[in-house]
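**Q** What follows is a structure written as structure tokens; I'll ask about it next.
2 protein chains.
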Amino acid sequence: MSEKKYIYFFGAGKAEGNAGMKEYLGGKGANIAEMTNLGIPVPPGFTISAKVCDAFYKNNNSYPEGLKDEVENNLKHLEELTGRKLGDSKDPLLVSVRSGAAISMPGMMDTVLNLGLNDEAVKGLAEKTGNERFAWDAYRRFIQMFGDVVRGVPHSAFEEKLDQVKEEVGVELDTDLKVEDLKRVVKLYKEVYRKHTGEDFPQDPKKQLWASIDAVFGSWNNERAIKYRQINEIKGLLGTAVNVQSMVFGNFGDDSGTGVCFTRDPSTGENIFYGEYLLNAQGEDVVAGIRTPQKLSTLKDKNPEVFQQLLDVREKLEKHYRDMQDIEFTIQQGKLFLLQTRTGKRTGLAAVRAAVEMVKEGLITKEEAIARVTPAQLDQLLHPMIDPNAKAKMIPLARGLNASPGAATGQIVFTADEAEKWAKEGKTVLLVRKETSPEDIGGMNVAEGILTSTGGMTSHAAVVARGMGKPCIAGCKDVVITGKQAQIKKRNFSEGDWLTIDGTTGEVYDGQVKLIKAGITGEFAEFLIWADEIRHEAVRSTIKQKGFLVRTNADLPRDAKVAREFGAEGIGLCRTEHMFFDEGKLEIFQEMIVADDIATRKEVLKKLLPLQKKDFTGIFEAMDGFPVTVRLLDPPLHEFVPKTTEEVKVLADKTGIPVKQLQAKIDSLHELNPMLGHRGCRLGITYPEIYDMQVQAIMEAACEVEKRGVKVFPEIMIPLIGTAKELSILRENAESVIKDVFKNENRQVEYKIGTMIEIPRAALTADKVAEYADFFSFGTNDLTQMTFGYSRDDAGVFLPDYIDQEILERDPFQVLDQEGVGQLVETGVRRGRTRKPDLKIGICGEHGGEPGSIDFCYRVGMNYVSCSPYRVPIARLAAAQAYLRNK
Amino acid sequence: MSEKKYIYFFGAGKAEGNAGMKEYLGGKGANIAEMTNLGIPVPPGFTISAKVCDAFYKNNNSYPEGLKDEVENNLKHLEELTGRKLGDSKDPLLVSVRSGAAISMPGMMDTVLNLGLNDEAVKGLAEKTGNERFAWDAYRRFIQMFGDVVRGVPHSAFEEKLDQVKEEVGVELDTDLKVEDLKRVVKLYKEVYRKHTGEDFPQDPKKQLWASIDAVFGSWNNERAIKYRQINEIKGLLGTAVNVQSMVFGNFGDDSGTGVCFTRDPSTGENIFYGEYLLNAQGEDVVAGIRTPQKLSTLKDKNPEVFQQLLDVREKLEKHYRDMQDIEFTIQQGKLFLLQTRTGKRTGLAAVRAAVEMVKEGLITKEEAIARVTPAQLDQLLHPMIDPNAKAKMIPLARGLNASPGAATGQIVFTADEAEKWAKEGKTVLLVRKETSPEDIGGMNVAEGILTSTGGMTSHAAVVARGMGKPCIAGCKDVVITGKQAQIKKRNFSEGDWLTIDGTTGEVYDGQVKLIKAGITGEFAEFLIWADEIRHEAVRSTIKQKGFLVRTNADLPRDAKVAREFGAEGIGLCRTEHMFFDEGKLEIFQEMIVADDIATRKEVLKKLLPLQKKDFTGIFEAMDGFPVTVRLLDPPLHEFVPKTTEEVKVLADKTGIPVKQLQAKIDSLHELNPMLGHRGCRLGITYPEIYDMQVQAIMEAACEVEKRGVKVFPEIMIPLIGTAKELSILRENAESVIKDVFKNENRQVEYKIGTMIEIPRAALTADKVAEYADFFSFGTNDLTQMTFGYSRDDAGVFLPDYIDQEILERDPFQVLDQEGVGQLVETGVRRGRTRKPDLKIGICGEHGGEPGSIDFCYRVGMNYVSCSPYRVPIARLAAAQAYLRNK
């Protein structure tokens, strides 16, 4: 490409540009050139490079030298090729002037059609086409569009005049206006133009052309275009190109028409030709919705020749572009013209199916298939959704945080107990709470979905719901709960009323809405296996990583099984605290907590040991052959103690501790900032007997299942480490317990002891911490809390403001903050590996299932990510893409 | 020093070693050599270098080659010099074998006296001294000491026999035993020795000597010595030296004696000769306490010649060592011998007075004077203390955290209101609370001291008490408060009972104990001015720092005045939240908080503006000529809302908001982790009108006082910044308000806008934050909370365990954790300066008054530290020392 070449001609089967020149020609221009070269019929024209736009703005709104001549030359070439002249009174050349940047910005920039018409040319057009009405209608449209787009004359000013004429002649539709009426409209339009601009409507087509080019370049920096680029993070473009193209018309009768089609079904991905068209119509008629477009398949009968041409084009384009295309065409008097082709947008279902089928058709490679489907598209396939037809007709009652994807509908209940009771009666329930707490697990488990009025994306409800794969809307402020009543924007809902939630969008709907179930199709499974093949390629081809595995966060055998079905390669986080809320265990654990001396605590813990052991055997069996990382007790003890007077009394009776004394003990556990309090390994230090019991249970369970032939790889994870010394003490304690277990069981099982890195100080001193760790697992939920100083339970109050005011691009609890938190992660990995080059490192925070964060984890050299079972397929895809992107 | 030389001889006015060789000869050996060279009479002997100890342990417990010969040669030299021989039956040489490391470890290692006695030599000693009883007593002591120290024979086994003989002959005191009795004791002692060791007591003095040398070197690694070095962080020593020295005896009659003295008074620092002695006694008699030692001044009359010798030695030593010396001496038959000299330990008072006077005497430089006084010594001078005489006789009732130094005594009350009521009645009160909160300020202000049963070193009570310079004990768990009763270890105390607290040690005493008031003496003031001169030298001589100033944290004009008197050079942190608790202001602020719309809030804030402005004019006036950093509102709004139903009702009446609605509003402000919640600049973002009012008040106040001739340098500080964008928005808001103020006032005042760096993310992205900051002030309280994940309000539960188990060396809220938090501080400073090389940087956390942390702040290049008014003198000293230490 010459530095000085600003314009690229296309026409008669030959173009100066090609599809690779999007940066300069924009998406539209580059593909028009490409199609021209492919021999596909495209109306001829030329594209003014985006370099001109760049130079225009850099050079104080003036065009580079030589541009005028280049436009003249190209215009001359176009006139020669078409045999028509701009403004000609016999057979005038009409052109469109359209914008087109390298990245599509639909509707953001300006377009002028039918350019070249004036008082003379309109006659030429009438004569040439034999259709006077068509010519005058085109002229009046041109004046209106030019006035609006190029000179800023209000659209309404023209519409007023049109309405005036329609009224005068007594018609309702534009199409009922006669030639004479249209001539009068043109006259009135010219007056409007003069009134608003102080000038006559320009009769010189060259002036029309330059004014339009100016306008298109100018529109690059109009307010809405700037805003659009900000929102969509479109950066680094030169500007827009300008396409000047000879006009074709689909409204020349029944042998003409216009349409839009996809080379495959964009909803399902099925390999059928899919689209709509209208005969005797222009593109804007389709948009206006006055006539209903026809299915493309009907064109076969109406105009088999043109249809065959279209089929040929479809095949040619797919073979050439190796992807589904979205094309615009016009048929002018039986002749097909392509006006645009681009990669077609599609649903998740279509993306996967088309990708898999294209691989089988030999069109693309597996790597291309994997790179082409976004994790968000995959997510759609994993959850039930509201029937799109139903959704289109409804207005949401309220909107909260889209805390866990999928849709659910049910009768609302306000307590977990009610949820369980109603569910037992066979009812379909939706649990509506201010916020949930660990005791609500039972009710959450039976509910179709969860709706909370407070709490953020990582509140208890959100985390647990994602873990269960259940739809959840959190922090929906408009829901005001009082007893067994919820008020939503002044409407009252009682227990038993139906609501529907869409956890994917955060929308709450009134009543019982029709849902569509999710399913893993054959292509989906196949696709994910390819993703795994590519991901495991990383193991073989990179030195940095010894693998990049996808594990799951699962606390129960049931969840572990689901995760394995979804392709999890082990458990990265098995929380033990939820286990203590099980029936029978909570009461024992409470006894332990309120005991005053270590002897009593040890005695009580003995009762817990067999129960805890059973939890682990189930999980080890479910994860046969894969590692299981068990995190020792993490939450503060006060989360487990009785809350109500009634519950306190029960515990008092059981333990024989006087109520007053018991209440005092419970009160003494209260903390002002529990997130920064006596939890995690701090409990392990002050109550070593708890961790000892847990380690014993884990290792006894491991020995037991191994005897039964299960391949078990227990990994004991110690949470909330802030200093190397904590880990050294707790590791020593654990090893001493393990030694005893091995002795008693008379067998040894391979095991690892490692730590969460979730306290900033642990990341900063990771070289020292690594001394005592076989592995690191980044707990980026807590790490984000501490690094930002945000409590995930409380940040919901200001985070929306923060995102509105663009202080934060995204919720850092959803998408890892690479700039800040990421520094600590990177430091932790680097320093850990400085001390132990082979240190196994992973992530088990919520970010382990978020594609952008997975890419980051891959780049800093982690060995695995771990996420909730329902995110595992997404993580498998994202991990494969991370490898492809960075290899 | 030759590599191969292991032994250094001293005697007859000449020594091979000197005071500079402590590393090899230990403190004792090096000073003995030095004194010998100075011509001071010292019993001759030799020192075996600590290099031998090092080699011994490195070489598998064996001595380096050639050592045996070197000991033989030195021993021979010693025998020639003294004219006596080891084990001689006429005039035996007796020696002591003493340990002595480079750093004193009192009582940790072994000593053997009277070595050289055996069955023959005892007769020689009797003959030579003409005192048979003395000789046999010395022999039995030697057997006992050798047996115990060298061979591990239990002390009690010897004592039993001694008691047996005393019983047999019917005497009570050792001194009443006759020669024959002592001979029998020797016989029995030898039997004890044989029984426990299986060997006869060694008669060969060479064997005695080597066994003793072995024992002393062995004692370097005994358990208590290792523990002592750990606790006192003594590292990097080679080991201990061994001093073999000819014995002198102070118990040869009334022309003999022994004593300990200081070259100045170690309590007051007065330049007088201060000490005690006993005639006809050995060192151990003084220790045993059987006889009461005499004041040194009385020796002048009893033995003017010896006294004059002592005076000469005193002068010689002080001139030579240029510091107060602590010396041990023995007089043997009218002849003075010095056994030890070392730098004398002293009180804070003495340290300052001696240092100042020595400068005036021309003995030392000002720099030396400053380097010599520890900040802890200075602290003693700043607070009242319990009379040491009274304290010696008391046992503390309980012990808590020494949260704010100084002693206080008073009648206990349990609420702030009672404190104010009782104080009005003229009573002296001590406020005892579970914990304090901002509403208690009034009561805290009138109390002599504060005692809380919960909370840590940086709890509200602790921080406010330190700010007020009031004694405080926090987190004293043994105090159990119920209503107007406190139970302390099963004893009940009621309102009005007297208690005394020592905030310096954390001890609580029963009753009203006598206190000694604090005072800044003339020397003290002088000393601090020198410290400032040295510190300000830093400004002139270093390029890195543009000064290293000491500012204060003060919220009230009164505190600001105190701080100026203490030498503060500006305010580094003026918290504005305390201002809102003032009478009249709280109610208005509450109205603002519960208002639902911005218009009402703005209206209410208008009422606060003049009151807030008045707060600032007072502070600006008090700090005339110095900068004042005002921090905008930091705590979450729920700290300000009514707590009781009664208070809610009052506010409901006032605002006209129904109680139920008001209570709901208040409840909605509740946070689970307020420390990580909606506070600091997050309030500024969501309620910009609050910060706008504060900025307006600050700048209007600045303009007003400037009109009156006050030199004012307001610095607006925005707290809790986590992202650069927050600061950019809030800076823009503030500047817009300031512009309006300047316009209205028709004048401009120099100002700065900066931020706290207290969120880890702010430190990590300091380069970006610096873009919008004129200064950084490290808020290391919060930074420590987030970096460790410790809530300072809750950590009191586990921190004591953490320090016991040596997980943490010290409470990180008191002493900056340089390893972890320090990394973030250093990163913040470095990145901030990368963006703005001249960025002004300071610290305003609690650590700003802690000497070790001040040194760190100096080293990372901060421009100032800021601390509570009562810590300012300490910070001035610590800052000067930081400069001296690092220059």
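Top to bottom, those sequences are chains A and B.
All letters in the first sequence, in the order written, are residues 0 to 886 by numbering that gives the first Met the number 0.
All letters in the second sequence, in the order written, are residues 0 to 886 by numbering that gives the first Met the number 0.
Positions of the beta carbon are idealized from the N, C-alpha and C atoms, including for glycine.
Name the residues in the segment 771 to 801 of chain B whose C-beta lies less than 9 Å from a C-beta of chain A; which are they?
**A** Asp781, Gln784, Met785, Thr786, Phe787, Gly788, Tyr789, Ser790, Arg791, Asp792, Asp793, Ala794, Val796, Phe797, Asp800 and Tyr801
**Q** Between Pro718(B), Thr551(B), Gly409(B) and Asn130(B), which lies nearest to Lys626(B) when the distance is taken from Cα to Cα?
**A** Just to set this straight, residue 626(B) is Pro in the shown sequence, not Lys. For the residues Pro718(B), Thr551(B), Gly409(B) and Asn130(B), the minimum Cα distance to Pro626(B) belongs to Thr551(B).
**Q** So Met674(A) contacts chain B; which residues on that side make the cut at Cβ distance below 7 Å?
**A** Asn672 and Leu675
**Q** Between the alpha carbons of Met0(B) and Ala32(B), how many angstroms are there, rounded?
**A** Note on Met0(B): pLDDT 48, under 50, position unreliable in the model; no value is reported.
**Q** So, is Glu64(A) buried or exposed, given that buried needs 16 or more other C-beta atoms within 10 angstroms?
**A** Around the CB of Glu64(A), fewer than 16 other CB atoms lie within 10 Å, so the residue is classed as exposed.
**Q** So for Ile95(B), helix, strand or coil by DSSP?
**A** Residue 95(B) is actually Ser in this sequence, not Ile. Of the three classes helix, strand and coil, the one that applies to Ser95(B) here is strand, per DSSP.
**Q** For Met384(A), which residues in the same chain have their Cβ closer than 8 Å to its Cβ, ignoring the five residues on either side in sequence?
**A** Answer for Met384(A): Gly405, Ala406, Asp501, Thr503, Leu514, Ile515 and Ala517, listed in chain order.
**Q** May I have the straight-line CA-CA distance separating Lys122(B) from Lys89(B), to the nearest angstrom?
**A** 7 Å
**Q** What residue range does the beta strand (DSSP E) around Arg341(B) cover?
**A** Lys334 to Thr342
**Q** Can you name the residues that DSSP bridges to Cys471(A)?
**A** Ser403(A) and Ile449(A)
**Q** I need the straight-line Cα distance from Gly482(B) to Arg678(B), nearest angstrom please.
**A** 32 Å
**Q** Suppose contacts are defined by Cβ-Cβ distances below 9 Å. Is Tyr5(A) in contact with Val51(A) by that definition?
**A** yes
**Q** If you measure from the beta carbon of Thr833(B) to each beta carbon in chain A, is any gap under 9 Å?
**A** no
**Q** Any Cβ of chain A within less than 9 Å of the Cβ of Gln822(B)?
**A** yes
**Q** So, does the CB of Ile665(B) fall closer than 9 Å to a CB anywhere in chain A?
**A** no
**Q** Taking the CB atoms as reference points, tell me whether Gly553(A) and Ile618(A) lie closer together than 9 Å.
**A** Before going further, note that residue 553(A) is Ala rather than Gly in the sequence given. Yes, the pair counts as a contact, with Cβ atoms nearer than the cut-off.
**Q** List the endpoints of the continuous alpha helix (DSSP H) containing Pro687(B).
**A** Pro687 to Lys706
**Q** Name, please, each residue of chain B whose Cβ falls closer than 7 Å to the Cβ of Gly399(A).
**A** Simply none; closest approach about 16 Å.
**Q** Taking one C-beta from the segment 779 to 787 of chain A and one from the segment 731 to 749 of chain A each time, how about it: are there three or more such pairs within less than 8 Å?
**A** No, the segment 779 to 787 of chain A does not touch the segment 731 to 749 of chain A.
**Q** Is Ser735(A) helix, strand or coil by DSSP?
**A** DSSP places Ser735(A) in helix when its eight states are reduced to three.
**Q** Using a Cβ-Cβ cutoff of 7 Å, what residues of the segment 721 to 739 of chain A are near chain B? List them in chain order.
**A** Gly721, Thr722, Lys724, Glu725 and Ile728
**Q** If I measure Cβ to Cβ from Met107(B) and keep anything under 7 Å in the same chain, skipping five residues before and after, which residues do I get?
**A** Arg223, Ala224 and Tyr227
**Q** Return no unless some Cβ of chain B is closer than 9 Å to the Cβ of Pro759(A).
**A** yes
**Q** Measuring only between beta-carbons, confirm whether Asp816(A) sits less than 9 Å from chain B.
**A** yes
**Q** Answer with yes or no whether the minimum CB distance from Thr764(A) to chain B is below 9 Å.
**A** yes
**Q** Please confirm whether Glu590(B) has its beta-carbon closer than 9 Å to some beta-carbon of chain A.
**A** Under the 9 Å criterion on CB atoms, Glu590(B) is classed as non-interfacial with respect to chain A.
**Q** Please list, in chain order, the residues of the segment 311 to 342 of chain A that have any C-beta partner in chain B closer than 8 Å.
**A** none
**Q** Report the residues of the segment 342 to 375 of chain B with a CB closer than 8 Å to any CB of chain A, ordered along the chain.
**A** none
**Q** Give every residue of the same chain whose Cβ lies closer than 6 Å to the Cβ of Glu438(A), excluding the five residues on either side of it in the sequence, and list them in chain order.
**A** none
**Q** Verify whether the separation of the beta carbon atoms of Gln410(B) and Trp497(B) is less than 9 Å.
**A** Closer than 9 Å, so yes.
**Q** Would you mind stating whether Arg875(B) and Ala460(B) have Cβ atoms separated by less than 9 Å?
**A** No. Outside cutoff.
**Q** Measure the C-alpha to C-alpha separation of Leu650(A) and Leu631(A) and round it to an integer number of angstroms.
**A** 25 Å
**Q** For Ile542(A), decide whether its Cβ has a neighbour in chain B, counting only Cβ atoms nearer than 9 Å.
**A** Low confidence applies here, because Ile542(A) scores a pLDDT of 45, under 50, leaving its location unreliable and the question unanswered by this model.
**Q** Apart from the five residues just before and just after Val247(B), which ones in its own chain have a Cβ nearer than 7 Å to its Cβ?
**A** Pro42, Thr329, Gln331 and Phe336
**Q** Can you pull the chain A residues whose beta carbon is under 7 Å from the beta carbon of Gln804(B), in chain order?
**A** Correct list: Ile684 and Ile728.
**Q** Look at the alpha carbon of Glu417(B) and the alpha carbon of Leu450(B), and state the distance between them as a whole number of angstroms.
**A** 15 Å
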